[in-house]
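Engineer:
Number of protein chains: 2
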Amino acid sequence: MVMKTCTIRLKLPEDSKNAILVKNLYLSCDPYMRSRMRKSEENYVEPFTPGSPITGGGVARVLDSGHPNFKKGDLVWGRTGWEEYSVITKPESVFKIQNTDVPLSYYTGILGMPGMTAYVGFYEICSPKQGDYVFISAASGAVGQLVGQFAKLLGCYVVGSAGTKEKVDLLKNKFGFDEAFNYKEEKDLEAALKRYFPSGIDIYFENVGGKMLDAVLVNMRLNGRIAVCGMISQYNLEQPEGVHNLFCLITKRVHMEGFLVFDYYHLYPKFLEMILPRIKEGKITYVEDVVEGLESAPAALIGLFSGRNVGKQVVVVARE
Amino acid sequence: MVMKTCTIRLKLPEDSKNAILVKNLYLSCDPYMRSRMRKSEENYVEPFTPGSPITGGGVARVLDSGHPNFKKGDLVWGRTGWEEYSVITKPESVFKIQNTDVPLSYYTGILGMPGMTAYVGFYEICSPKQGDYVFISAASGAVGQLVGQFAKLLGCYVVGSAGTKEKVDLLKNKFGFDEAFNYKEEKDLEAALKRYFPSGIDIYFENVGGKMLDAVLVNMRLNGRIAVCGMISQYNLEQPEGVHNLFCLITKRVHMEGFLVFDYYHLYPKFLEMILPRIKEGKITYVEDVVEGLESAPAALIGLFSGRNVGKQVVVVARE
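Quick mapping for you: the protein sequence lines, in order, are chains A and B.
The first sequence maps to residues 88 to 407 in our numbering.
The second sequence maps to residues 88 to 407 in our numbering.
What follows is the structure in structure tokens.
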């Protein structure tokens, strides 16, 4: 990734009907962006175009609009460019921000794509019920921290794994998880899970894949559910690790399901209705890892894959 | 496995209340029996007791009964011993045979556990609909041949894999599959599946696991379903093979679910109502691989794991 500087005119060209020109305020670093760095049939989002600014989630202010639904001054969140100013040619794909009495950066996280991911992954895929034993990997991340809090609100027993002591402390003391552990300090992940779930796991919210998934499979409970949200431990490998314990899907009658948040955005208004009051009442909290300046963005994105970030990774481009 | 001969009295002991004494007619060789030959937490059926006759599915005639629901002369199917005569101490677990105008051996297969497995696996787990692209591995086996016929009756496009030319011919010419291939002759299973499913697989009925599952995963279609019924290619391995392509569960939003037929026996009457007329009308056919005599049983069971059998493996103990 390289930074480039050039001069632009802060005005939409005459012929750019339906486009909007925005000033980018916050950018989101998300694990799925890694897959856009390779050409593959497996891509569910198109690959980045070499030589062009990369794109990703962000929060932006509309400076000029050729689209009837947007006017100068509007705030939006959705796909924008990693640059100070962007022209969004299909603004139908971004959301207008209506609620501004919360931190605007939240629309890259709890109120944006990761928040919706946690919401649909937990409520739509996991069939959760009170008393369920819930395990979440990468649990202090943008999605995990919310899944755990949703599960606690429902009355589940919740355990999370993370990669540093600081994150483990966050899980237990800030997000209210019942237990948490540092997977890097566990020689035997199967035994670690057995320790926290002596009678097994009802729900596994899968964010990491590989060895952790193998360890979870043998610890699943009868009729367990696995929501496959991501497999971040695998994204930088030449070949994904092999998972050996899938036979447990049969013996435990496990339902395992992959999902993509893009299929569920029709639920966004319902999601906001649920989450906004809970944020305001302090019943749900959110931790962000904020770096300043577009020049900090490449390292912040790369840091996701070694777990450098603590909480949702946000880049501030401008505070207006 | 060894054969032993001893003399018994063909009468229930006085104190064996609720038990029945049966003469075994047909025994069933089933892949799940392999797992009963090792001690493991993963067993969903208890392991065999070394030194005692092994047990499994079978068809038997009641010779003596201490149970009010059974009388001398009744025919039953269910768990019995690999011996000429057995005492079944909990006959609540066996089914009384009401329909005898079909081959009795069918109650080890199409009308017994494998038939129910195909039925619940396909209709309860796969959410099938007309026009779906369906792939079945080990497709000429006791379960696979039925899943394919159910799928054809519903109007699906059906392809099966098997391990010999003879079985491939059966799939195409006897069971009415649209296509079939010999997986042993394919160097690249991914490419083979791509050839038969250029636009992908909606439903995979998983009987083999390992490399085949990996090849299927990359060929799944959006919102595909995988019913995990068995993984016979893995049962004789020290450690199961690794499956590398699980990330496809996310990109294709795949629902993968393991199941055990034991959870669904309440549907047996409904199943009989569906299948009996179709057998009689010739709309569903069933191929058995029949060996004669209890002494042939060990080799028949072991043969399952190298694909020696063509169709459902049955052992005739006595034709009465």
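C-beta atoms are modelled at their ideal positions from N, C-alpha and C, and glycine is treated no differently.
1. Under 9 Å, Cβ to Cβ, is there at least one residue of chain A near B:V295?
2. Determine the extent of the beta strand (DSSP E) in which A:M90 is found, giving its start and end residues.
3. Within the 9 Å Cβ cut-off, does B:K339 reach chain A?
4. Expressed to the nearest angstrom, what Euclidean distance is found between the alpha-carbon atoms of B:K261 and B:Q236?
5. Does the Cβ of B:P285 have 16 or more other Cβ atoms within 10 Å, making it buried, or fewer, making it exposed?
6. Could you spell out where the alpha helix (DSSP H) holding B:T204 opens and where it closes?
7. Please report the straight-line C-alpha distance between A:D151 and A:A225, rounded to a whole angstrom.
8. Which residues bound the alpha helix (DSSP H) around B:Y283?
9. If you check the beta carbons only, do B:Y291 and B:V305 fall under 9 Å apart?
10. For A:Y322, list the residues DSSP reports as bridge partners.
11. Note down, in chain order, every chain A residue with its Cβ under 8 Å from the Cβ of B:F292.
12. Could you name the residues of the same chain whose beta carbon sits closer than 6 Å to that of B:E179, not counting the 5 residues immediately before and after it, in chain order?
13. Which chain B residues sit within Cβ distance under 7 Å of A:Q321?
14. Determine, using beta carbons only, whether B:E328 comes closer than 9 Å to chain C.
15. Mapping DSSP to helix, strand and coil, what is A:G390?
16. So, is the C-beta of B:D350 closer than 9 Å to a C-beta in chain A?
17. Could you check what DSSP says for A:L108 in three-state terms: helix, strand or coil?
18. Around the C-beta of B:H342, are 16 or more other C-beta atoms found within 10 angstroms, so that it is buried, or is it exposed?
19. At a cut of 8 Å, does the segment 327 to 334 of chain B reach the segment 326 to 335 of chain A through at least three beta carbon pairs?
20. Consult DSSP for B:E133 and reduce its assignment to one of helix, strand or coil.
21. Determine which residues of the segment 345 to 375 of chain B have a Cβ less than 8 Å from any Cβ of chain A, and write them out in chain order.
22. Could you pull out every residue in the same chain whose Cβ sits closer than 6 Å to the Cβ of B:Q232, ignoring the five residues on either side in sequence?
23. Assuming A:L112 contacts A:R148 under a Cβ cut-off of 8 Å, what Cβ separation, rounded to an integer in Å, is found between them?
24. Any idea what DSSP makes of B:E375, helix, strand or coil?
25. Assign B:Q217 to buried or exposed, taking buried as 16 or more other Cβ atoms, counted over all protein chains shown, within 10 Å of its Cβ.
26. Would you mind listing the beta strand (DSSP E) stretches within the segment 123 to 196 of chain B that are 3+ residues and don't spill past its ends, in chain order?
Structural biologist: So, from the data block:
1. Taking the first residue of the second sequence as 1, we reach residue 295 of chain B at position 208. Answer no: the Cβ-Cβ gap between B:V295 and chain A never drops below 9 Å.
2. As a first step, residue 90 of chain A is located in the first sequence; it is residue number 3 there, counting from the start. Here A:M90 belongs to no beta strand (DSSP E), and DSSP marks it neither H nor E.
3. For the purposes of this step, residue 339 of chain B is taken as residue 252 along the second sequence, with counting starting at 1. At least one chain A Cβ lies under 9 Å of B:K339.
4. Here residue 261 of chain B corresponds to residue number 174 of the second sequence, with the count starting at 1. Here residue 236 of chain B corresponds to residue number 149 of the second sequence, with the count starting at 1. Straight-line Cα distance between these residues: approximately 10 Å.
5. What you label residue 285 of chain B is simply residue 198 of the second sequence in a count that begins at 1. The residue is exposed, with fewer than 16 neighbouring Cβ atoms inside 10 Å.
6. Counting from 1 along the second sequence, the entry for residue 204 of chain B is found at position 117. Boundaries of the alpha helix (DSSP H) around B:T204: M200 to V207.
7. Here residue 151 of chain A corresponds to residue number 64 of the first sequence, with the count starting at 1. Here residue 225 of chain A corresponds to residue number 138 of the first sequence, with the count starting at 1. Rounded to the nearest angstrom, the two C-alpha atoms are 39 Å apart.
8. For the purposes of this step, residue 283 of chain B is taken as the residue at position 196 of the second sequence. Start and end: L276 to Y283.
9. As a first step, residue 291 of chain B is located in the second sequence; it is residue number 204 there, counting from the start. As a first step, residue 305 of chain B is located in the second sequence; it is residue number 218 there, counting from the start. Not a contact, by the Cβ cut-off of 9 Å.
10. Stepping through the first sequence from its first residue, residue 322 of chain A is reached at position 235. Beta-bridge pairing by DSSP links A:Y322 to no other residue.
11. Taking the second sequence and counting its residues from 1, one reaches residue 292 of chain B at position 205. Residues of chain A with a Cβ closer than 8 Å to the Cβ of B:F292 do not exist; the shortest Cβ-Cβ separation is about 13 Å.
12. Within the second sequence, residue 179 of chain B is the residue found at index 92, counting from 1. If you ignore the 5 residues before and after B:E179, its C-beta comes within less than 6 Å of no other C-beta in its own chain.
13. Here residue 321 of chain A refers to the residue found at position 234 of the first sequence. At a beta-carbon threshold of 7 Å, the residues of chain B lying near A:Q321 are F334, ordered along the chain.
14. Checking the listed chains, one finds no chain C in this structure; the protein chains it contains are A and B.
15. By one-based count along the first sequence, residue 390 of chain A stands at place 303. Helix.
16. Residue mapping note: residue 350 of chain B aligns to position 263 of the second sequence, counting from 1. It does: the Cβ of B:D350 has a partner Cβ on chain A nearer than 9 Å.
17. Sequence index remark: in the first sequence, residue 108 of chain A carries index 21 (1-based). Note: A:L108 maps to strand in three-state DSSP.
18. Within the second sequence, numbered from 1, the residue matching residue 342 of chain B stands at position 255. Buried.
19. Yes, the segment 327 to 334 of chain B touches the segment 326 to 335 of chain A.
20. Along the second sequence, one-based indexing puts residue 133 of chain B at 46. If DSSP states are grouped into helix, strand and coil, B:E133 belongs with coil.
21. For the segment 345 to 375 of chain B, the residues whose beta carbon sits under 8 Å from a beta carbon of chain A are, in order, G345, F346, L347 and D350.
22. For this step, residue 232 of chain B is matched to residue 145 along the second sequence. Result list for B:Q232: F262, in chain order.
23. Here residue 112 of chain A refers to the residue found at position 25 of the first sequence. Here residue 148 of chain A refers to the residue found at position 61 of the first sequence. At roughly 6 Å, the Cβ-Cβ gap stays under 8 Å, so A:L112 and A:R148 are in contact.
24. Here residue 375 of chain B refers to the residue found at position 288 when the second sequence is read from its first residue. Here DSSP, grouped into helix, strand and coil, assigns B:E375 to strand.
25. Numbered from 1 along the second sequence, position 130 holds the residue referred to as residue 217 of chain B. B:Q217 should be labelled exposed.
26. 142 to 152, 162 to 168 and 172 to 175, all fully within the segment 123 to 196 of chain B.
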